[in-house]
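Numbering (the numbering used here), first residue to last: 277 to 411.
Structure record follows, encoded as structure tokens.
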């Protein structure tokens, strides 16, 4: 019985099975921390982004176990900075990080506070037109 989806490339370097992605993430982090540990928060965010990019699952590349299964893909990625109480996320169709500063949330995080949600897929792609900079 498979441990998860992603076994259509099983055994090939870089397959999308959960164990392969976990091991790859672990070793990339350990090797980077040994050879060039991040010196700043920016360095740490850049390293985390690079590691997350290496295990990204494109839509349609993972076979389904049955016709009832939805196609598996990386819907979103999440980075947390517990010391600063910040959370960053990005979505499949917009790779631009969006930050939530929990320190600024105040009473909206209190127990019994109203539930909040934001759409993950807003259709923007996160593309910025910078043509004007060259004119």
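Ideal placement from N, C-alpha and C gives every residue a C-beta, glycine not left out.
Being a predicted model, the structure only gives us computed values, none of them experimental.
Per-residue burial, residue i [other beta carbons within 10 Å of its own, 16 or more giving buried]
i	result
residue 416	Residue coverage of the chain in this structure runs from 277 to 411, which leaves residue 416 outside it and unanswerable.
residue 409	exposed
residue 303	exposed
residue 352	exposed
residue 292	buried
Nearest candidate by alpha-carbon position, reference residue i, set the options
i	options	result
residue 350	389, 376, 328, 301	328
residue 394	302, 376, 406, 404	376
residue 398	409, 389, 302, 368	368
residue 309	324, 299, 293	324
residue 294	344, 311, 348	348
residue 404	357, 292, 372, 365	372
residue 300	326, 361, 406	326
residue 333	296, 401, 313	296
Contacts around residue i, its chain only, beta-carbon distance under 7 Å, and the 5 residues preceding and following it disregarded
i	result
residue 356	363
Beta carbon proximity, residue i to chain B, threshold 8 Å
i	result
residue 315	No chain B is present in this structure, which holds just one protein chain.
Cβ distance (whole Å) where residue i is taken to contact residue j below 8 Å
i	j	result
residue 400	residue 370	6 Å
Tell me, please, whether the region 301–321 touches the region 339–352 by the rule of three or more beta-carbon pairs shorter than 8 Å. no
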